[in-house]
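A.B. asks:
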Amino acid sequence: MNNDRRLDLARSVLEIEIDGVRQVYDRLSGAFVEAVDRLLARTGKIVVIGMGKSGIVGRKLAATLTSTGNPAVFMHPAEGLHGDLGIVQQGDAAIVISNSGSSSEIIDVLEALKRIGVSIIGLTANLDSPLGSIADTVLDISVPREACPMGLAPTASTTAALALGDALAVVLLEESGFTEEEFGHLHPGGALGRRLRRVREVMHQGDDIPAVHMDAPMQDVLVEMTSKRLGIAGILDNDNQLVGIISDGDLRRALEKDPDVLSKTAAQVMTGSPKTIAPDTLTVSALATMERFEITCLFVVDTDRTPIGAIHLHDLLKSRAG
Numbered sequence: 000m001n002n003d004r005r006l007d008l009a010r011s012v013l014e015i016e017i018d019g020v021r022q023v024y025d026r027l028s029g030a031f032v033e034a035v036d037r038l039l040a041r042t043g044k045i046v047v048i049g050m051g052k053s054g055i056v057g058r059k060l061a062a063t064l065t066s067t068g069n070p071a072v073f074m075h076p077a078e079g080l081h082g083d084l085g086i087v088q089q090g091d092a093a094i095v096i097s098n099s100g101s102s103s104e105i106i107d108v109l110e111a112l113k114r115i116g117v118s119i120i121g122l123t124a125n126l127d128s129p130l131g132s133i134a135d136t137v138l139d140i141s142v143p144r145e146a147c148p149m150g151l152a153p154t155a156s157t158t159a160a161l162a163l164g165d166a167l168a169v170v171l172l173e174e175s176g177f178t179e180e181e182f183g184h185l186h187p188g189g190a191l192g193r194r195l196r197r198v199r200e201v202m203h204q205g206d207d208i209p210a211v212h213m214d215a216p217m218q219d220v221l222v223e224m225t226s227k228r229l230g231i232a233g234i235l236d237n238d239n240q241l242v243g244i245i246s247d248g249d250l251r252r253a254l255e256k257d258p259d260v261l262s263k264t265a266a267q268v269m270t271g272s273p274k275t276i277a278p279d280t281l282t283v284s285a286l287a288t289m290e291r292f293e294i295t296c297l298f299v300v301d302t303d304r305t306p307i308g309a310i311h312l313h314d315l316l317k318s319r320a321g
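Numbering (numbering that gives the first Met the number 0), first residue to last: 0 to 321.
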């Protein structure tokens, strides 16, 4: 097989799978809304069930639901029939994925779910199957054909099921009011968790904030900048509100213009209207602000511009905010 043939075949696979997802898209209707309502009405968890490749899709769906604020577990139907049904309780909802909807394990587990009394959402390509008949709500995941040239290996059908599962998860996320902060709490490790950290989690605060009042002599400003080691000092008015800053760059430029600058007050040297940031801002947004304005430090202020912290570029890089 030459390279052109390889690319043509790959494009053909993607076209078939795109077409399958498009058909699922076109069939979205009241059944999807009913499925969302049943999942929202549950008082317990979501149990996702599937055999074979559908089971792999189900594991991914359970993981996506759990990570976006809707606790879910995956249960293999065969294992369920040998004791794992103990994880299913009244108040739970079940999502059962089966392309044929008629495997013996699926049929047996459906009967058990009915006895327990949980709400069942079925994802199947055969609406006339036992799954299509027994489920309380049925979503059609049928596709015109599989991408496998023999029509045997689940390809387009599993892609369609995966996409529809993602649609359910995202709608549930929105309906439940799940926030970025909650997402961060559930993803404390890895790149996602780091990107979702808030400025207040990494900022310098309390006595570590470099700040002096407007009438402070420049010698005091220099001491503050040196001792706090952030290369900057905030300048406060009589109400302790931030009105200016002096950075080490400002100090160098001032010395070049006036060798006697250390005899002046902070108010005479400061740069007014400094860039600030709110404590609940994402660290990745703080990094973007620093890059946009080509600065290395931001003061963190409350609603009346009183400094409650300071954050340096090094703090963000150390926390790997980017």
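Think of the CB as a built atom: it goes at the ideal place given N, C-alpha and C, for glycine as much as any other residue.
1. My parser needs the beta strand (DSSP E) runs of 3 or more residues fully inside the stretch 36 to 88; what are they?
2. Using a Cβ distance threshold of 8 Å, determine whether the stretch 67 to 76 contacts the stretch 200 to 220, with at least three qualifying pairs required.
3. Drop a sphere of 10 angstroms on the beta-carbon of L114, count the other beta-carbons inside from all chains shown, and report buried for 16 or more, exposed for fewer.
4. Use the C-beta contact count for S128: other C-beta atoms within 10 angstroms, 16 or more gives buried, fewer gives exposed.
5. Let me know the secondary structure DSSP gives P216 once reduced to three states.
6. Can you give the beta carbon distance from A160 to S53, rounded, assuming they're within the 8 Å contact cut?
7. Looking at the unbroken alpha helix (DSSP H) that takes in T325, where does it start and where does it end?
8. Are the stretch 38 to 47 and the stretch 4 to 18 in contact at 8 Å, needing three or more beta carbon pairs?
9. Taking the straight line between their C-alpha atoms, what separation do you get for A34 and D165?
10. What residue does the alpha helix (DSSP H) around G164 start on, and which one ends it?
11. Do the stretch 210 to 229 and the stretch 270 to 287 touch if we need at least three Cβ pairs shorter than 8 Å?
12. Compute the beta-carbon to beta-carbon distance between G131 and G100, rounded to the nearest angstrom, for a pair I have assumed lies under 8 Å.
13. Sort out for me which residues DSSP pairs L297 with in a bridge.
14. Which residues mark the beginning and the end of the alpha helix (DSSP H) in which I15 is found?
15. Would D139 and R21 be called neighbours here (beta carbons separated by less than 8 Å)?
16. Within the same chain, show all residues whose beta-carbon is closer than 6 Å to that of A253, passing over the 5 residues directly before and after it, in chain order.
17. Rounded to whole angstroms, what's the CA-CA distance from S118 to S141? Just pull it up for me.
18. Look up S103 in the DSSP assignment and say whether it is helix, strand or coil.
19. Does the Cβ of D91 have 16 or more other Cβ atoms within 10 Å, making it buried, or fewer, making it exposed?
20. Thinking just about the alpha-carbon of each residue, which of R5, G19, G121 and N2 is nearest to the one in V46?
21. Name the two residues that bound the continuous alpha helix (DSSP H) containing A93.
22. I need the straight-line Cα distance from L38 to A168, nearest angstrom please.
23. Along the chain, where does the alpha helix (DSSP H) that runs through G248 open and close?
C.D. replies: In short, the structure shows the following:
1. 45 to 49 and 71 to 74
2. no
3. A quick correction: the sequence has Arg, not Leu, at residue 114. Under this definition R114 is an exposed residue.
4. buried
5. strand
6. 7 Å
7. Lying outside 0 to 321, the shown extent of the chain, residue 325 is not represented and no answer is given.
8. no
9. 13 Å
10. A155 to E174
11. no
12. 5 Å
13. I310
14. N2 to R26
15. no
16. V260 and V268
17. 22 Å
18. helix
19. buried
20. G121
21. Unbroken run through A93 is the beta strand (DSSP E), A92 to I96; no alpha helix (DSSP H).
22. 10 Å
23. D247 to K256
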